[in-house]
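Here's the structure, in structure tokens; my notes come after.
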Amino acid sequence: MAKTESLFPTAEFPAEPVRRLNLLARAAASAPLDSAGHLTEYRPVQSRSIISKVQSNRGLPFTHAINPYRGCEFACRYCYARYAHEFMELTPEDFERKIFFKENAGWLVQQELAHLKSNTPIALGTATDPWQPIERRQRITRSILEAFAKTSGFGLGIVTKSTLILRDIELLRTISRHHDLTVHITVTTMDTALARALEPRAPRPDLRIWTLRRMREAGIRAGVLCCPVMPGITDSRRSLEAVAKAASEAGASFFAANPLFLQACSLPTFFKFVEEHFPGQLDAYRQRYGANAFVSAEYSKRIADLVNAICRQYKLGRRQEPKPPASEMQPPELVQIQTSLPFTA
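Counting in the UniProt record's numbering, the sequence shown runs from 1 upward without gaps.
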């Protein structure tokens, strides 16, 4: 078990005052329901824009982000993106229950890419999983990839836990010839039972590693994000090595890991998970994250040093690799993009 760092006093979070629905909330509430026979609600929305400028002081490796959905069915207990539903005046718990899909995403991406500079680093899937189950039917992410396939010269970083990304593997190969493409497969732990408790509706860890292997066999730069690293739960050398070993055996291009970042909107869901599965850690987590979304600099350095040592041990690279300038990237061929590919879960 990891050494417990200095703890912070617990903060109180007052309830939000009752207010009238804002424009986004009204649009979401009035959208037609598209979820007959499902426990999860799905609603279409028409977005005015899709490529967001990222405002963050966290040193992220991208400046813009695309999220084809609002909400995520995978229901990861630690997810920091639950705040997105607050803008629609829904609860953080609704994040996996009420999913909004952006019907016009592909068209918007095509329009907005025309106004961005070459080599702009763009992330796909920062606040949702682009290949969550609803994507099989709605194909919103597919439409976004088709828009990228018609352009060249951008940096595109994809983050997913889903095996459904393999449906689009040929399209991703096409994109990799025109853009600086990197696929990040998130694997938090190789412990199947723990993964099921943490990420109830996401694919098993071994299936994610299999997906990584398929990506690498297709010549796509892909690696593992072992995120988040949770103090006292997944931060042991044994736990991190298990993920790194699996990544190495699958031919991963890189391996990276970062400590848990826990926003206020995620505290109730994550603390409930800790109370159920790691009750002895609950007080430490309440004090550690009650007043600060981040762990201490000392803890972050310890994890970084451990990850660096593990990467050397398993001969795994890091995320940042030299990329060709936009002028050397191949322009998209004048060919018909295949609109559907067979896929078996």
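Ideal Cβ placement from N, Cα and C applies to all residues, glycine included.
Contact under 7 Å by Cβ, V274 with A257: For V274 and A257, no; Cβs fall outside 7 Å.
Contact the segment 251 to 266 vs the segment 63 to 71: 3+ CB pairs below 8 Å: No, they do not touch.
Distance CB(H178)-CB(S152) smaller than 7 Å: For H178 and S152, yes; Cβs fall inside 7 Å.
Where N119 falls: helix, strand or coil (DSSP): In the three-state reduction of the DSSP assignment, N119 falls in the coil class.
Inter-residue spacing [alpha-carbon to alpha-carbon] between F154 and R48: Distance between the alpha carbons of F154 and R48 is about 22 Å.
Residue environment, D180, which counts as buried when at least 16 other CB atoms sit within 10 Å: By the Cβ neighbour-count rule, D180 is buried, with 16 or more other Cβ atoms within 10 Å of its own.
Reference C227, options A195, T120, S248, L207, closest by Cα: Comparing Cα positions, the closest option is A195.
G157 beta carbon less than 7 Å from that of F62: Remark: C-beta atoms of F62 and G157 approach each other more closely than 7 Å.
Nonlocal neighbours in the same chain, by C-beta distance under 8 Å from F148, ignoring five residues either side: Result list for F148: V109, L113, F154, L156, I175, H178, H179, in chain order.
D283 versus Y289 - alpha carbon distance: Annotation: D283 to Y289 spans about 10 Å, alpha carbon to alpha carbon.
Same chain, Cβ closer than 6 Å to I165, five either side skipped, listed in chain order: Excluding sequence positions up to five before and after I165, its CB lies within less than 6 Å of the CB of W131, all in the same chain and listed in chain order.
Meets three-Cβ-pair contact criterion under 8 Å: the segment 233 to 241 and the segment 306 to 313: By the C-beta criterion, the segment 233 to 241 is judged to be in contact with the segment 306 to 313, since at least 3 inter-stretch pairs fall below 8 Å.
Host beta strand (DSSP E) of R43 (start-end): Note, R43: beta strand (DSSP E), 41 to 45.
Exposure label - N292; buried when at least 16 CB within 10 Å: N292 comes out exposed.
Beta-carbon proximity list for P259, same chain, < 6 Å, skipping 5 on both sides: Same-chain partners within the cutoff: V229, V295, S300, I303.
Under 7 Å between C-beta atoms of A222 and V183: Yes, the Cβ-Cβ distance between A222 and V183 is below 7 Å.
Three-state class that DSSP yields for K245 in the structure shown: Helix at K245.
Coil, strand or helix - S52 by DSSP: Of the three classes helix, strand and coil, the one that applies to S52 here is strand, per DSSP.
Same chain, Cβ closer than 7 Å to Y285, five either side skipped, listed in chain order: Residues of the same chain with a CB within less than 7 Å of the CB of Y285, apart from the 5 flanking positions on each side, are F271, V274 in chain order.
Length of the line joining the Cα atoms of F261 and Y80: Whole-angstrom Cα-Cα distance: 7 Å.
Burial state of L60 (16 or more Cβ within 10 Å): Flag for L60 reads exposed.
Limits of the alpha helix (DSSP H) - the one that F148 falls within: It spans 140 to 149 - the alpha helix (DSSP H) in which F148 sits, taken as one unbroken run.
Beta-carbon proximity check, K161 vs T186, cutoff 7 Å: Yes, these two residues count as a Cβ contact at 7 Å.
Limits of the unbroken beta strand (DSSP E) element including C311: Here C311 belongs to no beta strand (DSSP E); instead the alpha helix (DSSP H) covers 297 to 313.
Element boundaries [beta strand (DSSP E), containing F154]: No beta strand (DSSP E) holds F154; DSSP gives it neither H nor E.
Cut-off 8 Å between Cβ atoms - residues of its own chain near L145, not counting five sequence neighbours on either side: Contacts found: D168, L171, L172, I175.
Ordered list of beta strand (DSSP E) runs contained in the segment 225 to 293, each at least 3 residues: With a minimum length of 3 residues, the continuous beta strand (DSSP E) runs that stay inside the segment 225 to 293 are 255 to 259.
Exposure of R137, with buried meaning 16 or more beta-carbon neighbours within 10 Å: Under a 10 Å Cβ-count criterion, R137 is classified as exposed, with fewer than 16 other Cβ atoms of the shown protein chains found around its own Cβ.
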